[in-house]
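In UniProt numbering, the protein residues as written are 1 to 306.
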Amino acid sequence: MQTDVVYPQSNPSLWVFSGIIACILYVLMFALLMSVLFVTRKNIPINTHRAESEFIFTDNDNIELAEVLPQDESLPQDTQTTIEESKPANDSVAIESNPVPINPQPKSSQEVPRKVAQPNLADIFSFIPSETIQDKKIIEQQQQKKAQEEELARIAKEQHEKAQLLAQNAALIQQSTRALQQATRTLQDNVKQAMQVKIAIEKPTFAGSSDDKEKYNKWYDAIQEILMTEWQKNKFYYQTPTGATVRIVVSASGRLSYLYMINQSPFNEYNAAVVAFLRNMETRLFPPPPKEAVEFTININSVLRY
1 MQTDVVYPQS NPSLWVFSGI IACILYVLMF ALLMSVLFVT RKNIPINTHR
51 AESEFIFTDN DNIELAEVLP QDESLPQDTQ TTIEESKPAN DSVAIESNPV
101 PINPQPKSSQ EVPRKVAQPN LADIFSFIPS ETIQDKKIIE QQQQKKAQEE
151 ELARIAKEQH EKAQLLAQNA ALIQQSTRAL QQATRTLQDN VKQAMQVKIA
201 IEKPTFAGSS DDKEKYNKWY DAIQEILMTE WQKNKFYYQT PTGATVRIVV
251 SASGRLSYLY MINQSPFNEY NAAVVAFLRN METRLFPPPP KEAVEFTINI
301 NSVLRY
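Given below as structure tokens:
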């Protein structure tokens, strides 16, 4: 039995992408390797071998023969003693043959070679200056400060604009108020001119002579004229036609007294004004009647002029 094998079609773009990824990884690995070598070479003391060679050549005169040559245990003890005893004589001969004094150099202790530090991740990135982080913090602080200043400036600008808008609105309201007051005064003047107050006395029936009747008629006319004049001085008017009927009395000495209100106006303000006016008239002196006190009725009406 034959089985069909299906091979997946190759994608050239996938090959190219895989090659690019591999190249990038090789470059990164090479850069990391070079960084490690650079840091390792930087940490190794270069002058170690030079210092050791200088130390050897400086102290070569002080090295004893016993320190250089190993002792042979096969030699007899007497031979070793003879060598050790003959060495001071040789030293004394060398000192006498050289009369120039030589400053003895102190024997320095042998330097221990420093252990090479193993590189780590901190050493690899140690070449990055720490000032970059500090500069970044300073820049961030400056940016925050600048943002705060801009925010404060924006708030101050908004408050200034609001204050200007409120001032403009206040000026407009004040101007509108003045215009409304002027219009109200004009309307009141127009209403005052259109309305007028009429005071009429209801004369009682007179049963005397014609001469006495004429005298009382003249006296009623004088009282009515005085009341009209005083009402005009009071400067009270009402914008709606209305009226009230009251009862008063004038004594023989010319004193007016308010008795009661017969017919009231539907407007309490008008009624109160009429009563206040008559109470005020009680303080002044009127012409006395021809004979005794007279009680009569008056109508105080607010009517249209036209």
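Built from N, CA and C at the ideal position, the CB exists for glycine as well.
For a cut-off of 8 Å, the C-beta gap from residue 293 to residue 250 is around 6 Å, short enough to register as a contact. Taken through DSSP and simplified to helix, strand or coil, residue 178 comes out as helix. For residue 303, the number of other beta carbons within 10 angstroms of its own is below 16, and it is reported as exposed. By the C-beta density criterion, residue 244 is buried, having at least 16 other C-beta atoms within 10 angstroms.
Scanning the stretch 203-254 from its first residue to its last, the whole beta strand (DSSP E) runs of 3-plus residues come out as 242-250.
With respect to residue 258, residue 278 sits close: the two C-beta atoms are nearer than 8 Å.
Sequence-distant partners of residue 197 (beyond 5 residues in either direction) whose C-beta falls short of 6 Å from its own C-beta, in its chain, are 231, 302.
Taking 8 Å as the upper bound for CB-CB distance, residue 296 and residue 202 are in contact here, some 6 Å apart. If the five residues before and after residue 234 are omitted, its C-beta is found closer than 7 Å to the C-beta atoms of 277, all from its own chain and listed in chain order.
A residue is called buried once 16 or more other Cβ atoms fall within 10 Å of its Cβ, and residue 223 is buried on that count. Taking C-beta atoms under 8 Å as the contact rule, residue 215 and residue 288 fail to qualify, at a distance of about 12 Å. Secondary structure note for residue 299: its beta strand (DSSP E) is the uninterrupted segment 294-304.
Shown here, residue 198 sits in a strand according to DSSP, grouped into three states. Taking C-beta atoms under 8 Å as the contact rule, residue 199 and residue 298 qualify, at a distance of about 6 Å. Contact between residue 266 and residue 283 is ruled out by a C-beta separation of about 29 Å, above the 8 Å threshold. In this structure, DSSP gives residue 257 an extended state, which the three-state scheme calls strand. In chain order, 201, 203, 296 place their CB closer than 8 Å to the CB of residue 220, counting only its own chain and leaving out the 5 sequence neighbours on each side.
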